[in-house]
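J.: My structure is below; once you've seen it, I'll send some questions.
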Amino acid sequence: MSRPDEPLVLGIETSCDETGVGIVRGTTLLADAVASSMDEHAAFGGVVPEVASRAHLEAMVPTIEQACLDAGVQLRDIDAVAVTAGPGLAGALLVGAASAKALAVGLGKPIYGVNHLSAHVAVDVVEHGPLPEPMMSLLVSGGHSSLLMVPDITHDVRPMGQTIDDAAGEAFDKVARVLGLPFPGGPHIDRAAREGNRIAIDFPRGLTSRRDLERHEFDFSFSGLKTAVARWVETQERDGVAVPVADVAASFQEAVVDVLTRKAVAACRAEGVEDLMLGGGVAANSRLRALAAERCEAAGIRLRVPRPGLCTDNGAMVAALGSQMVMRGRTPSGLDLPASSSQPVTEVQV
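When the letters of the sequence shown are read in order and numbered with UniProt numbering, they come out as residues 1 to 350.
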């Protein structure tokens, strides 16, 4: 239950193809309005930056209005504005940053430019309450696969490992294309995999050999796996054999989630951390959730996973992080805050 004395923060997220506006009071989510341009990108088989930027421009005002309506508040009630400053698509980020600055100036309120990845971690405060300190976070999405040590989400996020090539979500999209499944690939592979045998095909697990672990203990690589799937499918088609889509999807998915969960648990053990948070768009994957729960329970690690709607890009996560900034007394950003497409995860706030 929120209290009137807690900060009311509006968050804007435009790092990719979703225009998200969330409103949070303290740690209570009041509104999470999202306008997606996914259908406009589907014809191209991926996100087109210019299309995304134009869609944000068209959707921004209606989405802000919808969030305020859902929350039962007016813009003058807002105590602070938070916005994703990076990383993400440069043009898309600029739309969000300009909108947030306009609101901050018009309302005379402070602005907080926050990190997209950190916001994915912070959103769990509106689902499961205050974050343990420290905790480990596994973030998996179309653009990122990262293991993060989080002593304090408002200013101290430390990278443990990351993808060295394709991110997990990117691999899902590319394999879906190989299998003739629609974009975005994640949900369709997840759905197809439920009818398949996840041990039917022994696809490779990247960066898990002894030699790889010496240099990339907590890093990820899915490019080789993606290529292995494509070659396996090509061989079947060349030999005139029908491709068992469900089995390929299930076996590919298992290879991805096996590596993700194995390394996440290993990182928790290495750092003596008893809490793991799973976030990012791929965290909506049913098999990833199930295997993470199974392995965390076996290792005595508490697992936190927001509901699927809070795992994908949304304004609620930005508002949640902004609210944490306000409550912990962090200094607001300046109105000259940049939109940084390559903002490092260690830079929680601009």
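Built from N, CA and C at the ideal position, the CB exists for glycine as well.
1) What alpha helix (DSSP H) runs, 4 residues minimum, are completely inside the stretch 184-265?
2) Looking at the structure shown, is V273 part of a helix, part of a strand, or coil, going by DSSP?
3) In its own chain, which residues sit with a C-beta less than 6 Å from the C-beta of L30, not counting the 5 before and 5 after it?
4) According to DSSP, L138 sits in a beta bridge with which residue or residues?
5) In whole angstroms, what is the alpha-carbon distance linking N115 and G11?
6) Within its chain, find whatever has a CB closer than 7 Å to the CB of N197; leave out the 5 residues flanking it on each side and keep chain order.
7) Do A119 and L321 come within 8 Å of each other at the CB atom, strictly closer than that value?
8) Within its chain, find whatever has a CB closer than 8 Å to the CB of R177; leave out the 5 residues flanking it on each side and keep chain order.
9) Return the chain-ordered list of same chain residues with a C-beta closer than 7 Å to the C-beta of S37, the five sequence neighbours on each side being excluded.
10) CB V348 to CB H155, shorter than 8 Å?
11) Would C296 pass as a contact of L303 if the rule is Cβ separation under 8 Å?
12) In the DSSP assignment, the alpha helix (DSSP H) including R304 goes from what residue to what residue?
13) Return the Cβ separation of K226 and D166 in integer angstroms, given the expectation that the two are a contact with Cβ distance under 8 Å.
14) Mind checking which residues open and close the beta strand (DSSP E) that includes T63?
15) Taking only three categories from DSSP, how would you classify Q74?
16) So, at 6 Å on beta carbons, what are the nonlocal neighbours of D190 in its own chain, with the 5 sequence-adjacent residues on each side left out?
17) Could you give the C-beta distance for M149 and E271, rounded to a whole number, given that I count them as a contact under 8 Å?
18) Whole angstroms are fine: how far does the CA of T235 sit from the CA of G180?
19) Have a look at A242, S341, L89 and P110 and flag the residue whose alpha-carbon is nearest the alpha-carbon of V48.
20) Over the uninterrupted alpha helix (DSSP H) stretch that includes P308, give me the two end residues.
21) What's the C-alpha gap between P87 and G240?
22) Report the residue from G309, R238, E13 and M136 whose alpha carbon sits nearest the alpha carbon of G113.
23) Which residues mark the beginning and the end of the alpha helix (DSSP H) in which G91 is found?
24) Under 8 Å between the Cβ atoms of D258 and R205?
25) Within 10 angstroms of the Cβ of V105, are there 16 or more other Cβ atoms? Answer buried if so, exposed if not.
26) Within this structure, are the beta carbons of D32 and G315 separated by less than 8 Å?
27) Nearest to A168 by CA position, among L94, I111, A266 and T261, is which residue?
28) For T19, which beta-bridge partners are listed by DSSP?
T.: Well, looking at it:
1) 185-193, 210-215 and 223-238
2) As a position in the sequence shown, residue 273 is number 273, starting the count at 1. Residue state, collapsed to three classes: coil.
3) Taking the sequence shown and counting its residues from 1, the one referred to as residue 30 is at position 30. Excluding sequence positions up to five before and after L30, its CB lies within less than 6 Å of the CB of I23 and A71, all in the same chain and listed in chain order.
4) Numbered from 1 along the sequence shown, position 138 holds the residue referred to as residue 138. According to DSSP, L138 bridges with L147 and L278.
5) Taking the first residue of the sequence shown as 1, we reach residue 115 at position 115. Taking the first residue of the sequence shown as 1, we reach residue 11 at position 11. Rounded to whole angstroms, N115 to G11 spans 12 Å at the Cα level.
6) For the purposes of this step, residue 197 is taken as residue 197 along the sequence shown, with counting starting at 1. Taken in chain order, the residues that qualify are D247 and A250.
7) Here residue 321 corresponds to residue number 321 of the sequence shown, with the count starting at 1. Here residue 119 corresponds to residue number 119 of the sequence shown, with the count starting at 1. Contact flag set, yes.
8) Taking the first residue of the sequence shown as 1, we reach residue 177 at position 177. G45, F183 and G185.
9) Locating residue 37 in the sequence shown gives position 37, counting from the first residue. Only residues of its own chain outside the window of five on either side were considered, and among them D17, V51, A52 and A55 have a CB closer than 7 Å to the CB of S37, listed in chain order.
10) As a working note, residue 348 is residue 348 in the sequence shown. As a working note, residue 155 is residue 155 in the sequence shown. Yes. Within cutoff.
11) If you number the sequence shown from 1, residue 296 lands on position 296. If you number the sequence shown from 1, residue 303 lands on position 303. Contact: yes.
12) Here residue 304 is taken as the residue at index 304 of the sequence shown, counted from 1. Not the alpha helix (DSSP H): R304 falls in the beta strand (DSSP E), residues R302 to R304.
13) Taking the sequence shown and counting its residues from 1, one reaches residue 226 at position 226. Taking the sequence shown and counting its residues from 1, one reaches residue 166 at position 166. At roughly 6 Å, the Cβ-Cβ gap stays under 8 Å, so K226 and D166 are in contact.
14) Position 63 of the sequence shown, counting from 1, holds the residue named residue 63. First-last for T63: P49 to A71, but that is the alpha helix (DSSP H), not the beta strand (DSSP E).
15) Here residue 74 refers to the residue found at position 74 of the sequence shown. The answer is coil: DSSP assigns Q74 none of H, G, I, E or B.
16) By 1-based counting over the sequence shown, the position of residue 190 is 190. Closer than 6 Å at Cβ, skipping near neighbours: N285 and S286.
17) Here residue 149 is taken as the residue at index 149 of the sequence shown, counted from 1. Here residue 271 is taken as the residue at index 271 of the sequence shown, counted from 1. Yes, they are in contact, since the Cβ atoms of M149 and E271 sit about 6 Å apart, within 8 Å.
18) Here residue 180 refers to the residue found at position 180 of the sequence shown. Here residue 235 refers to the residue found at position 235 of the sequence shown. Computed Cα separation, rounded: 16 Å.
19) By 1-based counting over the sequence shown, the position of residue 48 is 48. Here the closest residue by C-alpha is L89.
20) For the purposes of this step, residue 308 is identified with residue 308 of the sequence shown, where counting begins at 1. First-last of the alpha helix (DSSP H) with P308: P308 to C311.
21) What you label residue 87 is simply residue 87 of the sequence shown in a count that begins at 1. What you label residue 240 is simply residue 240 of the sequence shown in a count that begins at 1. Each residue's alpha carbon lies about 44 Å from the other.
22) Taking the first residue of the sequence shown as 1, we reach residue 113 at position 113. Closest in C-alpha terms to G113, from the list G309, R238, E13 and M136, comes E13.
23) Counting from one through the sequence shown, the residue named residue 91 turns up at place 91. It spans A90 to L107 - the alpha helix (DSSP H) in which G91 sits, taken as one unbroken run.
24) Position 258 of the sequence shown, counting from 1, holds the residue named residue 258. Position 205 of the sequence shown, counting from 1, holds the residue named residue 205. A contact, by the Cβ cut-off of 8 Å.
25) For the purposes of this step, residue 105 is taken as residue 105 along the sequence shown, with counting starting at 1. Looking at its Cβ environment, which holds fewer than 16 other Cβ atoms inside 10 Å, V105 is exposed.
26) Looking up residue 32 in the sequence shown gives position 32. Looking up residue 315 in the sequence shown gives position 315. Cβ distance < 8 Å, so D32 and G315 count as in contact.
27) Translated into positions along the sequence shown, residue 168 becomes position 168. Among L94, I111, A266 and T261, the Cα nearest to that of A168 is on T261.
28) By 1-based counting over the sequence shown, the position of residue 19 is 19. Beta-bridge pairing links T19 to A35.
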